[in-house]
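Have a look at the structure below, then the notes.
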Amino acid sequence: MLPIDLQILKYYIFEKPMFQQKIKPYFNWQSYRSLAQSLENLEKDPAIETTDFSNTTFTVFDLETTGLIPEIGHEIISIGAIQLTGTKFCRTEKFHQFIKPVRPVSRRIKNLTGIDKHDLMNASPFIDAFSNFLHYSKGTILVAHPAKFDIRFLQTMAKRWKLPEYQPYVLDSQLMAKWLLPGVNHQLDPLIRRLGIEKLERHHALNDAIMTAELFEYLLAEAMERGVSTFQDLHPILMDIQNK
Numbered sequence: 017m018l019p020i021d022l023q024i025l026k027y028y029i030f031e032k033p034m035f036q037q038k039i040k041p042y043f044n045w046q047s048y049r050s051l052a053q054s055l056e057n058l059e060k061d062p063a064i065e066t067t068d069f070s071n072t073t074f075t076v077f078d079l080e081t082t083g084l085i086p087e088i089g090h091e092i093i094s095i096g097a098i099q100l101t102g103t104k105f106c107r108t109e110k111f112h113q114f115i116k117p118v119r120p121v122s123r124r125i126k127n128l129t130g131i132d133k134h135d136l137m138n139a140s141p142f143i144d145a146f147s148n149f150l151h152y153s154k155g156t157i158l159v160a161h162p163a164k165f166d167i168r169f170l171q172t173m174a175k176r177w178k179l180p181e182y183q184p185y186v187l188d189s190q191l192m193a194k195w196l197l198p199g200v201n202h203q204l205d206p207l208i209r210r211l212g213i214e215k216l217e218r219h220h221a222l223n224d225a226i227m228t229a230e231l232f233e234y235l236l237a238e239a240m241e242r243g244v245s246t247f248q249d250l251h252p253i254l255m256d257i258q259n260k
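Once you know that position 222 of the sequence shown is 238 in my numbering, the rest is easy, because the numbers rise by one and skip nothing.
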């Protein structure tokens with residue numbers, strides 16, 4: 017793997033112009049125009065901020081990507097998600113979709129995620145998968161571990177595809193764990209071991225979303241026990257932790 021400075025140079029000189037050229041035909045697709053319109057019309061419902069968590073629906077999601085830095089061309093190749101209403105965990109409400117990347121995927125990433133050539137060849141383009149995810153998660157609060165990684169990836173991908181800005185309601189379960197479980201390792205694997213959550217195959221977007229949802233279910237119940245029962249209550253606490 018190239019040093020990061022050379023990766024950045026390679027991206028801006030060669031790969032970014034090539035990416036823009038390859039996605040240009042999609043701009044004429046009806047699905048692209050529909051997605052752009054959906055994002056343009058996407059408005060936050062302020063009522064979500066003050067709705068009691070017991071009546072709030074959450075979309076817990078995870079991404080598999082070709083690397084860690086979307087700003088230098090790394091892409092999303094899988095989205096997995098599951099929903100909870102309050103602390104009621106419903107495995108029937110699942111979302112899982114492979115995404116066809118514009119750039120080739122390294123053997124290392126294929127081995128890590130288990131996503132093979134067949135999965136990618138038959139996958140949907142980003143605009144279709146993102147549109148489906150928007151429909152699935154509409155009217156909910158997004159949750160990820162850590163959310164700053166996954167949300168940044170979605171927002172950067174939207175920007176690279178010249179789509180309107182994406183600004184959903186988000187909670188970070190890793191920050192919640194830092195608040196509620198001080199002094200422990202807040203990565204996903206140590207937390208699921210600590211809480212006795214069944215470990216599924218890792219680096220699979222849906223599996224990771226399911227395990228994060230079980231973790232979030234525990235954390236949400238703990239927050240509500242402390243009298244923190246709305247997004248309006250919890251979000252400032254998490255922002256303070258993030259900014260420390």
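All C-beta atoms in this analysis are idealised placements derived from N, C-alpha and C, irrespective of residue type, glycine included.
A contact between stretches requires three or more CB pairs, one per stretch, nearer than 8 Å, and the region 126-145 meets this requirement with the region 42-49.
If you look at glutamine 99, you'll find it in the beta strand (DSSP E) that goes 92-101. When C-alpha distances from serine 189 are compared across Phe165, Leu170, Phe35, Asn138, the shortest belongs to Phe165. Excluding its 5 nearest sequence neighbours in each direction, glycine 83 has C-beta neighbours in its own chain below 7 Å: His90, listed in chain order. DSSP places histidine 202 in the coil class of the three-state scheme, outside both helix and strand.
Taking C-beta separations shorter than 7 Å and ignoring five residues to either side along the sequence, the partners of threonine 156 in its chain run Thr73, Phe74, Thr75, Gln99, following chain order. Listed as beta-bridge partners of serine 140 by DSSP are Ile115. By the Cβ rule, the region 21-32 does not count as touching the region 122-136, because fewer than three pairs are nearer than 8 Å. Boundaries of the beta strand (DSSP E) around leucine 79: 73-81. Take methionine 240, set aside five residues on each side of it, and the residues of its chain with a beta-carbon closer than 7 Å to its own are Phe69, in chain order.
The DSSP-derived three-state label of aspartate 61 is coil. Judged by DSSP secondary structure, isoleucine 157 falls within the beta strand (DSSP E) whose first and last residues are 157-160. CA-CA distance, tyrosine 182 to alanine 221, rounds to 21 Å. Boundaries of the beta strand (DSSP E) around leucine 187: 186-188. By the beta-carbon neighbour count (other beta carbons within 10 angstroms, threshold 16), leucine 179 is buried. With a cut-off of 8 Å on Cβ pairs, the region 190-199 is in contact with the region 229-240, counting three or more such pairs. Per DSSP, the unbroken alpha helix (DSSP H) holding methionine 34 starts and ends at 32-39. Tyrosine 28 counts as exposed, since fewer than 16 other beta carbons sit within 10 angstroms of its beta carbon. The three-state secondary structure of glutamate 214, taken from DSSP, is coil. In this structure, the straight-line span from the alpha carbon of methionine 137 to that of valine 121 is close to 11 Å. Boundaries for methionine 17: no alpha helix (DSSP H) harbours it, and the DSSP string shows neither H nor E there. Exposure of leucine 25 is indicated by the presence of fewer than 16 other C-beta atoms within 10 angstroms of its C-beta. Nearest to serine 54 by C-alpha distance, out of Glu109, Thr81, Arg124, Asn148, is Asn148.
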